[in-house]
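Residue numbers (my numbering): 1 to 165.
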């Protein structure tokens, strides 16, 4: 039987460790941001409530300048965003912990924010093979759920699988 390998991993998604245990092929790299979004959002208020400054923020109607294009646009909503360090290979548990450890543990504050705004973790998952995966720990899932945070996964497959083999 012929196997295709991707970075020393079979592209069908399962490989074996030296100890002989089955393991899922890991997502190549990941990016994670916590976002608080809403029309009436005041970034300074969110910073005060969460106890930290954002990586990026803006208010409804604010003029935003495109980083690559330099083109001005008007913000259609307010946003407070905190980014984690990018990880290769993927480490969503670590990235989510990196963000949440900087913010308040007060669940009443999280509830107040969640009642007024959309709160989510926006996760970019970048694959180099056609079958990679990830798992989140029960602790991470508990912390996200406890705070009422939605989890969004944007999954990007390899553009040209012939180069990924």
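Built from N, CA and C at the ideal position, the CB exists for glycine as well.
Where residue i falls: helix, strand or coil (DSSP)
i: residue 34; result: strand
i: residue 116; result: helix
i: residue 130; result: coil
i: residue 77; result: coil
i: residue 66; result: coil
i: residue 41; result: coil
i: residue 111; result: helix
i: residue 85; result: coil
i: residue 124; result: strand
Residue i vs residue j beta-carbon contact at 7 Å
i: residue 77; j: residue 60; result: yes
i: residue 121; j: residue 149; result: yes
i: residue 63; j: residue 82; result: no
i: residue 38; j: residue 117; result: yes
i: residue 27; j: residue 141; result: no
i: residue 151; j: residue 144; result: yes
Distance between residue j and residue i (C-alpha atoms, nearest Å)
i: residue 124; j: residue 131; result: 16 Å
i: residue 56; j: residue 34; result: 10 Å
i: residue 16; j: residue 157; result: Note on residue 16: pLDDT 45, under 50, position unreliable in the model; the coordinate value appears next. Taking the straight line from one Cα to the other gives about 23 Å.
i: residue 50; j: residue 91; result: 23 Å
i: residue 166; j: residue 129; result: Outside the shown range of the chain (1 to 165) lies residue 166, about which nothing can therefore be said.
i: residue 127; j: residue 147; result: 29 Å
i: residue 32; j: residue 109; result: 22 Å
i: residue 159; j: residue 89; result: 18 Å
i: residue 48; j: residue 80; result: 12 Å
i: residue 166; j: residue 93; result: With the chain covering only 1 through 165, there is no way to say anything about residue 166.
i: residue 115; j: residue 70; result: 35 Å
i: residue 44; j: residue 97; result: 23 Å
Boundaries of the alpha helix (DSSP H) in which residue i is found, first to last residue
i: residue 56; result: That residue, residue 56, is in no alpha helix (DSSP H); its beta strand (DSSP E) goes 56-58.
i: residue 105; result: Counting along the chain, residue 105 falls outside any alpha helix (DSSP H), and DSSP gives it neither H nor E.
Integer Cβ distance of residue i from residue j, believed to fall under 8 Å
i: residue 95; j: residue 137; result: Going by Cβ atoms, the distance from residue 95 to residue 137 rounds to 12 Å, so no, they are not a contact pair.
i: residue 46; j: residue 113; result: 7 Å
Residue range of the beta strand (DSSP E) that includes residue i
i: residue 154; result: 150-156
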